[in-house]
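Worksheet: one structure, shown below.
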Amino acid sequence: MGLLRRNFTVPQQWQGRRIILHFGAVAGECVVMVNGKSAGTHFDKYLPFDLDITELVAAGKDSELLVGVRSHKLFNKRSATFGKMIAPYPTGSETARLVGIWQDVSLLAVPQVRVADVFVKPQVRMNALALEIIVRNDTSAPRTVSVGGNASPWINRAGKDIDTAPIPAGSHGDISACAPASSIPPASGFPAMVMKTSAAACRYGVSTSATARVLTRCPGLKSRSCWASPVAAITPGRPS
Numbered sequence: 001m002g003l004l005r006r007n008f009t010v011p012q013q014w015q016g017r018r019i020i021l022h023f024g025a026v027a028g029e030c031v032v033m034v035n036g037k038s039a040g041t042h043f044d045k046y047l048p049f050d051l052d053i054t055e056l057v058a059a060g061k062d063s064e065l066l067v068g069v070r071s072h073k074l075f076n077k078r079s080a081t082f083g084k085m086i087a088p089y090p091t092g093s094e095t096a097r098l099v100g101i102w103q104d105v106s107l108l109a110v111p112q113v114r115v116a117d118v119f120v121k122p123q124v125r126m127n128a129l130a131l132e133i134i135v136r137n138d139t140s141a142p143r144t145v146s147v148g149g150n151a152s153p154w155i156n157r158a159g160k161d162i163d164t165a166p167i168p169a170g171s172h173g174d175i176s177a178c179a180p181a182s183s184i185p186p187a188s189g190f191p192a193m194v195m196k197t198s199a200a201a202c203r204y205g206v207s208t209s210a211t212a213r214v215l216t217r218c219p220g221l222k223s224r225s226c227w228a229s230p231v232a233a234i235t236p237g238r239p240s
């Protein structure tokens with residue numbers, strides 16, 4: 001088991017709140033100790049998890065966090081029925097050797113009575129949003145609460161069209177754009193169906209004015225002349 005240790009201090013103004021240790025993701029079996037006492041365990045690779053350490057720490061005082069991690073592979077067990085199956089956990093070729101804390105770890109202070117989770121379910125036919133809300137009460141007495149909220153239109157600060165966005169000075173900006181297939185004209189030499197079914201029928205570029213455009217990428221379905229060296233287009237009719 002690999003061990004990671006560090007000290008931290010819970011701010012005095014957090015007195016009376018629940019203290020939560022939030023892990024973005026830990027690959028492997030994770031054992032968490034706070035001030036020499038068990039705070040919890042977790043076994044996964046990709047998902048976040050929370051541990052309530054309120055009873056293990058004191059506001060305004062230093063605390064010690066110790067996190068131990070074991071590799072998933074230590075838990076491999078060959079199936080008696082399916083001999084090639086040895087992993088009792090989800091696997092992925094690009095993350096097979098991922099072990100340890102690989103996302104952020106945060107210390108949070110939350111109210112004793114709070115919204116713990118929200119699941120938003122769009123109901124398109126009814127033009128409505130349905131919400132499932134989990135409210136947690138960590139006090140010693142029952143509570144009656146009123147839950148409310150506002151639904152507001154999404155404010156797109158990038159602009160009103162699909163391909164305009166501000167780029168800060170001395171930095172870079174990312175733009176994602178999507179157009180319906182019906183708005184993409186057929187390419188010369190290829191069936192119209194190709195343009196509607198292939199994701200390669202896109203044209204990427206950066207425009208600083210109505211007349212100036214600097215192409216950064218242009219797939220072969222639009223015009224092979226955009227490439228420094230022409231490549232063969234892959235289409236449903238020509239898979240290779």
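Numbering (our numbering), first residue to last: 1 to 240. Glycine residues also receive a C-beta, built at the ideal position from the N, C-alpha and C atoms.
- Membership of D117 in the beta strand (DSSP E) is indicated by the continuous run 113 to 123.
- Taking the Cα of L21 as reference, the smallest distance to any Cα among Q13, T41, I155 is reached at T41.
- For V31, the CB contacts under 6 Å within the same chain, skipping 5 residues up- and downstream, are T41, G68 in chain order.
- Counting only residues of its own chain and dropping the five nearest sequence neighbours on each side, M85 has a CB closer than 7 Å to the CB of S79.
- Looking at the DSSP output, S38 bridges to M33.
- Taking a 10 Å sphere around the C-beta of G28, we find 16 or more other C-beta atoms and assign the residue as buried.
- The beta carbon of R143 sits closer than 6 Å to the beta carbons of V113, N137 from its chain, once the five residues preceding and following it are set aside; these are given in chain order.
- A direct Cα-Cα distance of roughly 8 Å separates D44 from Y89.
- Non-local C-beta neighbours of R6 in its own chain, meaning closer than 7 Å and more than five positions away in sequence, comprise L65, ordered along the chain.
- For N7, the enclosing beta strand (DSSP E) has its first and last residue at 2 to 9.
- In this structure, the beta-carbon distance from G24 to D104 falls below 8 Å.
- The Cβ atoms of R18 and V145 lie no closer than 8 Å to each other.
- The beta carbon of G16 lies closer than 8 Å to those of Q112 in the same chain, with the five residues before and after it left out.
- DSSP places V110 in the uninterrupted beta strand (DSSP E) bounded by 105 to 110.
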